[in-house]
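Asker: Residue numbers for the sequence shown follow my numbering, beginning at 159 and rising by one.
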Amino acid sequence: MSSILAAPIPTPIDTWKIPLAALAAQRRNFQKLLNPAEQARAARFVFDHDQERFVIARGALRTVLGHYLSAPPATIGFNYGPHGKPSVQECALEFNLSHAADWAYLAISKSAPVGIDVERLRVPSRHGWLDLARRFFSASEVAELTAMPPDKQTESFFACWTRKEAYIKLHGRGLSLPLAQFSVSTAPDSKATLRTSEWLPGDVSHTAMHDLSAPQGYRACVAAHTESSIIVCQHQWADLALKKF
Ligand SMILES: CC(C)(COP(=O)(O)OP(=O)(O)OC[C@H]1O[C@@H](n2cnc3c(N)ncnc32)[C@H](O)[C@@H]1OP(=O)(O)O)[C@@H](O)C(=O)NCCC(=O)NCCS
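1. Output needed for MET277: all residues of its chain with C-beta closer than 8 Å, excluding positions within five of it in sequence on either side, in chain order.
2. Just tell me which of LEU398, SER314, LEU333 and THR351 has its CA closest to the CA of SER341.
3. For the stretch 213-251, which segments carrying the alpha helix (DSSP H) assignment without a break, of at least 4 residues, lie completely within its bounds, in sequence order?
4. When you compare the stretch 283-291 with the stretch 225-233, are there three or more beta-carbon pairs, one atom per stretch, that lie closer than 8 Å?
5. Would you mind giving the Cβ-Cβ distance between LEU117 and ARG220, rounded to the nearest angstrom? I have them listed as a contact below 8 Å.
6. What is the DSSP secondary structure of GLU277, reduced to helix, strand or coil?
7. Helix, strand or coil: how does DSSP classify ASN187 here?
8. Looking only at its own chain, which residues have a Cβ that is under 8 Å from the Cβ of SER303, when we skip the five neighbours before and after it?
9. Report yes or no: do the stretch 247-258 and the stretch 362-369 share at least 3 C-beta pairs separated by less than 8 Å?
10. Take GLN197 and list the residues in its own chain whose beta-carbon comes closer than 8 Å to its own, dropping the five residues that flank it on each side.
11. I'd like the ranges of any beta strand (DSSP E) spanning at least 3 consecutive residues and lying wholly in the stretch 308-343.
12. Should PRO359 be flagged as near chain B, meaning a C-beta pair shorter than 9 Å?
13. Less than 9 Å separating the beta-carbons of THR145 and HIS383?
So this is what it looks like as structure tokens:
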């Protein structure tokens, strides 16, 4: 009798794309959701623009989590890991947030730790992105980026960056996880993959990544710690009102 091995069920991950600039008119409403520590943090921003983006991102985070937890957004409590990664108090829901310029991205999972990163593609420094890659990325990533045609280098650099940062943020260890000691795929059109991890070799088979659709001029990636593959449902902010999740 032949045995049939069932493939593991993919881990569902929800992502939310939050339009920070478009939500600026709702800043006061979001501000009311913040707790005293968050209000104090908001007050410490030197530039109003930065304060506004923080308030909207944190208020939007609370709003989305409130829907998942069926709780008033202002009542949600956060714990912080040793390097600052926030998690919901007394709750198994996993999440991670990233913001860049006009956009924030949020990843939510009921079962797997997640990390997410969004970056705005920027003009390279005088020496180009390769200089930065040589200082911080792994040897194999540098070799791949060097071989890219010049017109692909900025996008490849940020594809690599967002994949690496999503992996770092998944573990919540910040830059205590040396960037050169793990490698991801670098070609912008290739599947986002963790290829090697000297730090935790087992992660290669326990980390799934997915590039997210992003506005022109941005790149975004989500990573999850799971033995299975992931299935990513990418929500827009407007889905919240429609309860399409
Ligand atoms: C927080 C950190 C992990 C990312 O910072 P960042 O890139 O400036 O910011 P992002 O917008 O992607 O993420 C910030 C959010 O992540 C969450 N966060 C904070 N600390 C975190 C941590 N240690 N791990 C995961 N998430 C964290 C918070 O929700 C934070 O939002 P807030 O600032 O509104 O509270 C930072 O500690 C860090 O290590 N930055 C490294 C940047 C870098 O050089 N990356 C190279 C990648 S190749």
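All C-beta atoms in this analysis are idealised placements derived from N, C-alpha and C, irrespective of residue type, glycine included.
Computed from a prediction, not measured in an experiment: that's the story for all the values here.
Answerer: Straight from the coordinates:
1. As a working mapping, residue 277 is identified with position 119 in the sequence shown. The residue you asked about is not Met; residue 277 is Glu in the sequence shown. Here the set comprises ALA258, PHE316, TRP319, THR320, GLU323, TYR376, ARG377 and ALA378.
2. As a first step, residue 341 is located in the sequence shown; it is residue number 183 there, counting from the start. The shortest CA-to-CA distance from SER341 to any of LEU398, SER314, LEU333 and THR351 is the one to THR351.
3. none
4. no
5. Nothing about residue 117 can be read from this structure; the chain reaches only from 159 to 403.
6. As a first step, residue 277 is located in the sequence shown; it is residue number 119 there, counting from the start. Strand.
7. Taking the first residue of the sequence shown as position 1, residue 187 is located at position 29. Reduced to three states, the DSSP call for ASN187 is helix.
8. As a first step, residue 303 is located in the sequence shown; it is residue number 145 there, counting from the start. Looking at the sequence itself, residue 303 is Leu, so the reference to Ser does not match. Closer than 8 Å at Cβ, skipping near neighbours: TRP287, LEU288, ALA291, PHE295, GLN311, SER314, PHE315, CYS318 and THR344.
9. No contact exists between the stretch 247-258 and the stretch 362-369.
10. Indexing the sequence shown from 1 puts residue 197 at position 39. Around GLN197: GLN189.
11. With a minimum length of 3 residues, the continuous beta strand (DSSP E) runs that stay inside the stretch 308-343 are 340-342.
12. Reference to chain B is not applicable here, since this structure consists of a single protein chain.
13. Because residue 145 is not part of the residues shown, which for the chain are 159 to 403, the question remains open.
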